[in-house]
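Residue numbers (our numbering): 4 to 443.
Note that CB positions come from ideal geometry on N, CA and C, so glycine has one too.
One structure is given here, and the rest of the page talks about it.
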């Protein structure tokens, strides 16, 4: 009976797991750190939503409502991007925790197995054999040695128990942490689903509002004026961009000169040391390369880009459609009885179609403009630039290196229908895109 009780106690001890430890993961701290920023975004979205609702309820036909929709969608997409980053981080944390838990459980099982063997031996031979071992000693010295051995053996068993308890606690904490992280990911997924649904509804609402203005001459005239202002703004942006990139080139040139001077200085120093010490086997000093910036990387990659001018007449179209609605140059609007200057072409394109960059380059500007929405400007070789506007979504950020055919955005719409606005510039000179794009 006593032996059976000992067995039960040993088994209970082996599989005992404490349940009063509560830890906080780094992931949860990171999420809480961003809560204020995410809440601020939600507050802005809610404020714009209220503003739009009030304007629509009063049956206003103001173009500023489109701007409010644009701002709201921009904030909502930013919020979704933040949630995407958080979800990815949680997924990585979960994988890491699962791996840690697997290792810890394996270690715990190993400890339990080793200890179980000791318990089995103890159960088989018991304390009686220990006394027999001591009493059958040939001398007092041998008895003392055996006693110390048995004492160490007992200490080893106690140490094993402590290890098992400690490892069991660790496993429990890891299980709880993993469970909480999984719960956080699921909660985040539900929030993301809700926000994605909200985004679709708001895009639909914006499109309905734009459609309601298409036969409103007053709104069309105001839109025309806004676009004239935005066209000038694009010209100004490109002019500023040219100046900025000239400065960037000079900065990179100066950095390279400084690097070469540093190399020469090190070489001279090395030569002087060799001359003084007369030790040809002395190791050469290593010249640490200066840390590269994103700018340095860009100008290193630039020579690998295909020359823009060589592709004149064969450049790919930015969208799958090749139907031009508004050509380059002067455009007469019969409905409004106006003449405007189009700095590019408007290409018919179904809402949400892929917009591809037509040549290798770097995304220089992502900027919102009234009438055009978010505008993307890409710098190519030989001071050529392309402009993409009327976008429903932008998939790149400023500074991104893009290659010909990369999808950089989705096409959107204007008051005149679903389309993409596209321009080509050579420094400050506007180019007719039809002269550059492949024949239709």
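Query raised in the report: Would you report the Cα separation of residue 89 and residue 189, rounded to the nearest angstrom?
Result: 12 Å
Query - Buried versus exposed call for residue 439 [16 or more other C-beta atoms within 10 Å across all chains shown] - result: buried
Report task. Give every residue of the same chain whose Cβ lies closer than 8 Å to the Cβ of residue 40, excluding the five residues on either side of it in the sequence, and list them in chain order. Result -> 85
Query raised in the report: Residue range of the alpha helix (DSSP H) that residue 437 falls in?
Result: 436-439
Query - Cβ contact (3+ pairs, closer than 8 Å) linking the segment 358-367 and the segment 380-394 - result: yes
Query raised in the report: Between which two residues does the beta strand (DSSP E) harbouring residue 415 extend?
Result: 410-417
Requested in this report: Determine which residues share a DSSP beta bridge with residue 364 and list them.
Outcome: 405
**Report entry** Cα-Cα separation between residue 407 and residue 319, rounded to whole angstroms
**Finding:** 9 Å
Requested in this report: Can you give me the start and stop residues for the beta strand (DSSP E) that residue 351 sits inside?
Outcome: 348-351
**Report entry** Element boundaries [beta strand (DSSP E), containing residue 424]
**Finding:** According to the DSSP assignment, residue 424 belongs to the beta strand (DSSP E) that extends over 420-429.
Query raised in the report: Does the segment 307-322 come close enough to the segment 197-209 to have 3 or more Cβ pairs within less than 8 Å?
Result: no
Query raised in the report: Based on Cα-Cα distance, which residue from 201, 166, 239 and 113 lies nearest to residue 48?
Result: 201
Query raised in the report: Buried or exposed: which applies to residue 441, given that a residue is buried once 16 or more other Cβ atoms fall within 10 Å of its Cβ?
Result: exposed
Query - Short Cβ contact (8 Å threshold) for residue 210 with residue 416 - result: In contact: residue 210 and residue 416 (Cβ atoms closer than 8 Å).
Query - Alpha-carbon to alpha-carbon, residue 428 and residue 385 - result: 11 Å
Query raised in the report: The beta strand (DSSP E) with residue 309 in it runs from where to where?
Result: Counting along the chain, residue 309 falls outside any beta strand (DSSP E), and DSSP gives it neither H nor E.
**Report entry** residue 226 in three-state terms, based on DSSP
**Finding:** helix
Requested in this report: Pull up the distance between the alpha-carbon of residue 242 and that of residue 77, whole angstroms please.
Outcome: One C-alpha to the other measures close to 26 Å.
Requested in this report: Under the assumption that residue 366 contacts residue 399 (Cβ atoms under 8 Å), give the Cβ distance between them as a whole number of angstroms.
Outcome: 5 Å
Requested in this report: Give me the Cα-Cα distance between residue 353 and residue 420, rounded to the nearest whole angstrom.
Outcome: Looking at the two C-alpha atoms, the distance is approximately 9 Å.
Query - Local conformation of residue 111 per DSSP, three classes - result: helix
Requested in this report: Under the assumption that residue 418 contacts residue 229 (Cβ atoms under 8 Å), give the Cβ distance between them as a whole number of angstroms.
Outcome: Incorrect: roughly 10 Å between the Cβ atoms, too far for contact.
Query - Cβ neighbours of residue 224 in the same chain (closer than 7 Å, five flanking residues each side left out) - result: 339
Query - Straight-line gap, residue 346 to residue 431 (C-alpha atoms, nearest Å) - result: 12 Å
Query - Of the listed residues 364, 382, 351 and 404, nearest to residue 413 (C-alpha basis) - result: 351
Query raised in the report: Straight-line CA distance for residue 2 to residue 181?
Result: Because residue 2 is not part of the residues shown, which for the chain are 4 to 443, the question remains open.
Query raised in the report: For residue 93, is the classification buried or exposed, using 16 other Cβ atoms within 10 angstroms of its Cβ as the cut-off for buried?
Result: buried
Requested in this report: Taking all protein chains shown into account, decide if residue 382 is buried (16 or more other Cβ within 10 angstroms of its Cβ) or exposed.
Outcome: Classification of residue 382: buried, given that the 10 Å Cβ count is 16 or more.
**Report entry** Straight-line gap, residue 50 to residue 59 (C-alpha atoms, nearest Å)
**Finding:** 14 Å
Query raised in the report: Near residue 131, which residues of its chain fall below 6 Å by C-beta distance, leaving aside the five closest residues on each side in sequence?
Result: Because the pLDDT at residue 131 is just 46, under 50, the model does not fix this residue reliably, and the point stays unresolved.
Query raised in the report: Quick one: Cα of residue 165 to Cα of residue 97, how far?
Result: 28 Å
Query raised in the report: Between the C-alpha atoms of residue 115 and residue 183, what's the straight-line distance to the nearest angstrom?
Result: 27 Å
Query raised in the report: DSSP beta-bridge partners for residue 167?
Result: By DSSP's assignment, residue 167 forms no beta bridge with any residue.
Query raised in the report: Would residue 277 be called buried (16 or more neighbouring beta carbons within 10 Å of its own) or exposed?
Result: Counting Cβ neighbours within 10 Å, residue 277 comes out exposed, since fewer than 16 surround it.
Query raised in the report: How is residue 338 classed by DSSP in three states: helix, strand or coil?
Result: coil
Query raised in the report: Any idea which residues DSSP pairs residue 433 with across the strands?
Result: Answer by DSSP bridge pairing, in chain order: 428.
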